[in-house]
Amino acid sequence: MHRKSFWWGLAVGAFVTCLFGQLGLSSGSKALDPPRGIPPEMVAEYLHAIIQADRAVYTTEVVERMQMRGVVSAAENWRESGRLPLPAQFLIEASRLVAEQRNGLRFRLISNWAINKRNSPTTEFEKAGLTAIQANSDRPYTGFTTEGGTRYFQALYADKAVSQSCIGCHNAHPDSPKKDFKLQGVMGGLLLMIPLAS
Ligand code: HEC
-1 MHRKSFWWGL
9 AVGAFVTCLF
19 GQLGLSSGSK
29 ALDPPRGIPP
39 EMVAEYLHAI
49 IQADRAVYTT
59 EVVERMQMRG
69 VVSAAENWRE
79 SGRLPLPAQF
89 LIEASRLVAE
99 QRNGLRFRLI
109 SNWAINKRNS
119 PTTEFEKAGL
129 TAIQANSDRP
139 YTGFTTEGGT
149 RYFQALYADK
159 AVSQSCIGCH
169 NAHPDSPKKD
179 FKLQGVMGGL
189 LLMIPLAS
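Mapped onto the working numbering, the consecutive letters of the sequence shown carry residue numbers -1 to 196.
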């Protein structure tokens, strides 16, 4: 009887040792072998969050604050007039700097009712995307494209009139083809182009 339980004990012990050994090994190899990549949808979400946060901080903590205190206001001809860039121009300047880094990442604001015609949609994806986010502004319109031999993941996020100043300025601007933007309405989109490793 005692002999039997001795052999049972040995077998169970060996099995448990093997099992924990395996677990230890596999978790060890997992640590050495990290996941191979973040899905492009997630990368787009991260970048979109940063760009929007920077734009919001610039708008409320710089433009609106300086204007309220009578220090300096924002103006379209900010460079010549020594004033502050408009939030849209701040984003455009930032995207220009990013494009200079030549890592392939690109972003820009586009609209079917652009004040600056350079911000009008140019590709089929951009045209279809603007229609899609107009109907459903909660989700980005996404897709893949190849340009100059590089494959990109594209995501177009709705750009909404979050404050009265958005619609006030756009509706009154002489170059704006649309004069009846409404609060919370979709004014255009933020396009992200993320290069994919080949
Ligand atoms: C004081 C005026 C002003 C305010 C306020 C303003 N914009 Fe604009 N916006 C402009 C101008 C001017 C441009 C064109 C910039 C350029 O590309 O030279 C522009 C560009 C844009 C574009 C790109 C398409 C286009 O019209 O050229 C979008 C989208 C946009 N703005 C959305 C917004 C949103 C959303 C807000 C509020 C959060 C906002 N704007 C606030 C003046 C303004």
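From the three backbone atoms N, C-alpha and C, an ideal C-beta is built for every residue, glycine too.
All figures in this text were calculated on a predicted structure; none of them were measured in a lab.
Just confirm the distance between the C-beta atoms of residue i and residue j, as a whole number of angstroms; I'd bet it's less than 8 Å.
i    : j    : result
L89  : I36  : Going by Cβ atoms, the distance from L89 to I36 rounds to 23 Å, so no, they are not a contact pair.
L82  : M66  : Not really, about 13 Å apart at Cβ, beyond 8 Å.
A159 : K180 : 7 Å
S79  : A73  : 5 Å
A112 : R104 : 17 Å between Cβ atoms; not a contact.
T140 : G102 : T140 to G102, Cβ: 17 Å. No contact.
Taking the C-alpha atoms as reference points, what is the distance between residue i and residue j?
i    : j    : result
E145 : P138 : 21 Å
A92  : Q99  : 11 Å
S118 : P175 : 12 Å
G183 : L95  : 29 Å
L84  : F142 : 31 Å
G187 : L30  : 40 Å
V60  : N75  : 17 Å
H46  : R106 : 11 Å
K177 : R116 : 19 Å
R53  : E39  : 21 Å
T121 : S109 : 12 Å
With DSSP as the reference, identify every bridge partner of residue i, one or two as the case may be.
i    : result
M191 : R104 and Q152
T140 : A153
E145 : T148
L82  : A72
G186 : D157
Exposed or buried, what is residue i when buried is set at 16 or more other beta-carbons lying within 10 Å of its beta-carbon?
i     : result
M185  : buried
T57   : buried
S200  : Since the first residue shown for the chain is -1 and the last is 196, residue 200 is missing from the structure and cannot be characterised.
F123  : buried
P33   : exposed
V69   : exposed
A133  : exposed
S25   : Note that S25 scores 49 on pLDDT, short of 50, meaning its location in the model is unreliable; the coordinates nonetheless yield the value given after this. Exposed, since its Cβ has fewer than 16 Cβ neighbours within 10 Å.
M(-1) : Confidence in M(-1) is poor, its pLDDT being 47 and thus under 50, which makes the residue's placement unreliable; the coordinate value appears in the next sentence. Exposed is the call here.
V55   : exposed
A86   : buried
A42   : buried
**the stretch 116 to 134 contacting the stretch 169 to 182, beta-carbon criterion three pairs below 8 Å** = No: fewer than three Cβ pairs fall under 8 Å.
**Message:** Does the contact criterion of 3 or more C-beta pairs under 8 Å hold for the stretch 181 to 192 versus the stretch 148 to 158?
**Reply:** By the C-beta criterion, the stretch 181 to 192 is judged to be in contact with the stretch 148 to 158, since at least 3 inter-stretch pairs fall below 8 Å.
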